[in-house]
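Heads up: the sequence lines are chains C and U, in that order. Numbering-wise (full-length UniProt numbering), the first sequence opens with residue 1 and increments by one. Numbering-wise (full-length UniProt numbering), the second sequence opens with residue 1 and increments by one. Positions of the beta carbon are idealized from the N, C-alpha and C atoms, including for glycine. Remember, it's a predicted structure, so these values are computed and weren't measured experimentally. Beneath this line is the structure, given in structure tokens, with notes to follow.
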Amino acid sequence: MSSASSSNDRPQSAGAFDIRNVIGALIGFYGVVLVIMGLVNNTAEEQAKTGGWNANLWVGIAMLLFGLAFVLWSRLRPVVVDPPKADADRRD
Amino acid sequence: MGDSLRLDAGFVDYLLVAAYFAVVLLIGFAARRGVSDSLDFFLSGRSLPAWVTGLAFISANLGAVEIVGMSANGAQYGMSTMHYFWIGAVPAMLFLGVVMMPFYYGSKVRSVPEFMRRRFGTGAHLVNAISFAVAQVLIAGINLYLLATIVEALLGWPLWVSLIVAAAVVLSYITLGGLSAAIYNEVLQFFVIVAALLPLTLIGLHRVGGVGGLIDRVTDSGRGEELTSWPATDLSGFENPVWSVIGIIFGLGFVLSFGYWTTNFVEVQRAMATKSMSAARATPIIGSFPKMFVPFIVVIPGLIATVLVPEVVEARAAADPDFDYNNSILLLIRDVLPNGLLGVALAGLLAAFMAGMAANISAFNTVFSYDLWQQYVKKDRPDGYYLAVGRWATVGATVAAIGTALIAAGYTNLMDYLQTLFGFFNAPLFATFILGMFWKRMTPTAGWTGLVSGTLAAMVVFVMSETGVIELPGQGTAFVAAGAAFVVDIVVSVAVTSVTAPKPASELAGLVYSETPREVRTDPEAHLLPWYRSPVPLAGIALVLVIALNVIFR
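Here you go:
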């Protein structure tokens, strides 16, 4: 369907610009920061807010895993944007 | 917003917010590499996968206005707020994907107003394009203003500083990367928002003793009916439960939501950025799945706030009419999230405001460049010329949005009225589109007279309600106004069609169902797709799920 974009054949490997890598990196970075916060800054004041649950630590671990999963997904199924036929071999 | 809203943000929280902004700007620069012609800039070169556009589709709508507003409704009305998602969005999104998208995508138009022009000619096109463009600048300004007030209340930055900083960030990533950058940021924003609101909901539930604890405490405070979503008489403003159900299904669920979701170019543009007809149709359908579950992390925190946040508990108990429920979710964030998660929440809220504004502006620059400038001002220039026009339109719209934000700061009520006014353009649009797509006899004159008279009908109902001629509390006015617009539009269109000349059938290929060859409105490779990427089976699953949700949480 992309009649216009096939008129110029620029390279179309998504690479680092693949949105899944960007999402994985940002959420993963948030995860690392939250895990550190959970380990070093789990004070009584914070515990009072969360009702005794070390929220930063556990949410951080979950975000870390999520970020890794997204990076892994884009490694295992890289996007090939051109040509339009590539649609068939890009299963996600 | 008082000082009590001031969040205790520390260095780590600011670090997380800064990381988000850095990534947003990086996306703008990265997207710039891929922008080589105007189709790239305005429609992402029609190359994005459906899961990306599907998430962007709901994310463009999941602005902070929605997050703050819907959690406020949750705090005020309880579970009946779910109707805005399950009745007021999902069915229309499925309808867009299954029935209407083949015409939008198959006719190769670049915008919704362009479809209008090819089907009905100049009159309807001008009404649609101009009202849409003006509304987008206005709504972008309102988004910007809300963003700045929240930054002011939460972080203590002066209003004008946050206005300019936010506008500069949005401007830089859209002028650099065009629609791709806007869409990528919307997808990113979606994940950050979920990363902020899901822990908020879980910790909130933990604090009140789980789901059972929440139910007990809401029931104990004598508000047990707020745990049920039907018949929602408080929400609709109709005292009779039967009328309330009818009002919600036809007013909210049919006219208002179909008008918004199926003709609003901000949304439809996301689906047009995909690589195939199947992906375009799948976009709103894939979007409907997260849309179903978003209320659980938006409405439920509002409900939790009514038993956990002292200010909200007090306001509910005293039935304080002056309390601003828009603060509910912010107060809950203040009380529940530790430093660290607080930064994620701040980044998510700021992202939501910017994404809302970016969506408005990226839709505006397309309509301005293609539908107004190219069509009526300078025709037949090389493609690069319109790309430049698009970039300048973005700059102009952003500056204008700062202007409307300042007006909004001075005259809050005026902005409310104007926003309602532009809401009126949506309801008749749906009537005109659906008639025009399935009735080849409908004439160009009927197109624009139907639109104008439908809009006028909605305004008459609104003015009558404002001046007290008819008594309709709450959302009732909006439902009745939308219904009137729809009916008047259909009646006028049919009447005018019977006395004017239709377009020759040869000009209607791709635009009207009966005149469109099957291969134009279907995807030739559709049979190669697995079931989980075919639009119609996915839509069926979504429909079953949303009905199940309505039954479970009735």
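Buried/exposed call for U:K503, threshold 16 Cβ in 10 Å: Result: buried.
Taking 8 Å as the cut-off, does the segment 316 to 324 of chain U touch the segment 112 to 121 of chain U (at least 3 CB pairs, one atom from each stretch)? No, the segment 112 to 121 of chain U is not in contact with the segment 316 to 324 of chain U.
Residue range of the alpha helix (DSSP H) that includes U:N550: First-last of the alpha helix (DSSP H) with U:N550: 535 to 552.
Mapping DSSP to helix, strand and coil, what is U:T516? Under the three-state reduction of DSSP, U:T516 is assigned to coil, being neither helix nor strand.
Measuring CA to CA, which of U:A501, U:I246, U:A50 is closest to U:M272? Closest option to U:M272, Cα to Cα, is U:A50.
Neighbouring residues, chain C, relative to U:H206 (Cβ below 8 Å): Chain-ordered, the chain C residues with CB closer than 8 Å to the CB of U:H206 read T50, G51, W53.
Could you confirm whether any beta carbon from chain U is found closer than 8 Å to the beta carbon of C:L72? Closer than 8 Å: no.
If we cut at 8 Å on Cβ distances, does C:N41 have a partner in chain U? Under the Cβ criterion of 8 Å, C:N41 is counted among the residues facing chain U.
Stretch-stretch touch, CB-based, cutoff 8 Å, three pairs: the segment 457 to 469 of chain U with the segment 299 to 319 of chain U: Verdict: no, contact absent.
If you measure between the beta carbons of U:I27 and U:G178, is that distance less than 8 Å? No, they are not a contact pair.
Could you tell me which chain C residues have their CB closer than 8 Å to the CB of U:Y184, listed as they occur along the chain? By Cβ distance, chain C contributes I19, V22.
Would you report the Cα separation of U:L387 and U:I130, rounded to the nearest angstrom? Computed Cα separation, rounded: 20 Å.
So, for U:Q269: in the same chain, excluding its five sequence neighbours on each side, which residues have a beta-carbon less than 6 Å away from its beta-carbon? Apart from the 5 residues on each side of it in sequence, U:Q269 sits with its Cβ closer than 6 Å to the Cβ of A363 in its chain, given in chain order.
Since U:P444 and U:G210 are thought to touch, with beta carbons under 8 Å apart, how far apart are those beta carbons, to the nearest angstrom? Rounded to the nearest angstrom, the Cβ distance from U:P444 to U:G210 is 60 Å, too far for a contact under 8 Å.
For U:P91, does the count of other Cβ atoms within 10 angstroms reach 16, so buried, or fall short, so exposed? The residue is buried, with at least 16 neighbouring Cβ atoms inside 10 Å.
Are U:M292 and U:W531 closer than 8 Å when you measure CB to CB? The answer is no: Cβ separation not under 8 Å.
Short check: CB of U:S180 to CB of U:L25, under 8 Å? Not in contact: U:S180 and U:L25 (Cβ atoms no closer than 8 Å).
Which residue or residues does DSSP assign as beta-bridge partners of U:T274? Answer is U:L48.
Tell me which residues of the segment 23 to 37 of chain C have at least one Cβ-Cβ distance to chain U shorter than 8 Å, keeping chain order. Correct list: I23, A25, L26, I27, F29, Y30, V33, L34, M37.
Would you identify the three-state DSSP class for C:V35, choosing helix, strand or coil? Residue state for C:V35 is assigned as helix, using DSSP reduced to three classes.
Applying the criterion that 16 or more other CB atoms from any shown protein chain within 10 Å of the CB defines a buried residue, is U:E314 buried or exposed? U:E314 should be labelled exposed.
Between the Cα of U:T432 and the Cα atoms of U:T262, U:R281, U:V194, which residue gives the shortest distance? The shortest Cα separation from U:T432 among U:T262, U:R281, U:V194 belongs to U:T262.
If C:M37 sits next to C:N21, beta carbons under 8 Å apart, how far is it from one beta carbon to the other, in whole angstroms? Wrong, their Cβ atoms sit about 24 Å apart, outside the cutoff.
U:R217 versus U:R223 - alpha carbon distance: Their backbone Cα atoms lie some 9 Å apart in a straight line.
Suppose the cutoff is 6 Å on Cβ atoms and the five residues either side in sequence are ignored; what does the same chain contact list for U:L154 look like? A distance below 6 Å between beta-carbons, with the five flanking residues on each side excluded, links U:L154 to the following residues of its chain, in chain order: L7.
What separation, rounded to the nearest whole angstrom, lies between the Cα atoms of U:G213 and U:T228? Going by the C-alpha atoms only, they are around 16 Å apart.
Rounded separation between U:Y20 and U:V344 - CA only: Cα to Cα, U:Y20 sits roughly 9 Å from U:V344.
Does the Cβ of C:V40 have 16 or more other Cβ atoms within 10 Å, making it buried, or fewer, making it exposed? C:V40 comes out exposed.
Taking the Cβ atom as the reference point for each residue, do C:I61 and C:G31 lie within a distance shorter than 8 Å? For the 8 Å CB-CB criterion, C:I61 and C:G31 form a contact.
Chain C within 8 Å of U:Y145, Cβ atoms only: No - not a single Cβ of chain C is within 8 Å of the one on U:Y145.
So what does DSSP say about U:F132, is it helix, strand or coil? In the three-state reduction of the DSSP assignment, U:F132 falls in the helix class.
With 16 as the cutoff for other CB atoms within 10 Å, does U:V242 come out buried or exposed? By the neighbour-count criterion, in which 16 or more other beta carbons inside 10 Å mark a residue as buried, U:V242 falls on the exposed side.
To test your reading of the DSSP string, which unbroken alpha helix (DSSP H) runs of 4 or more residues are found completely within the segment 112 to 182 of chain U? Correct list: 112 to 120, 122 to 155.
Using 8 Å as the threshold, is the C-beta distance between U:A485 and U:A458 below it? With a cutoff of 8 Å on beta-carbon distance, U:A485 and U:A458 are scored as near each other.
With U:A446 and U:S493 assumed to form a contact (beta carbons below 8 Å), what rounded beta-carbon distance in angstroms separates them? Right, their Cβ atoms sit about 4 Å apart.
Under three-state DSSP, which class holds C:M1? Note on C:M1: pLDDT 39, under 50, position unreliable in the model; the coordinate value appears next. Look at C:M1 here: in three-state DSSP terms it is coil, with no helix or strand label.
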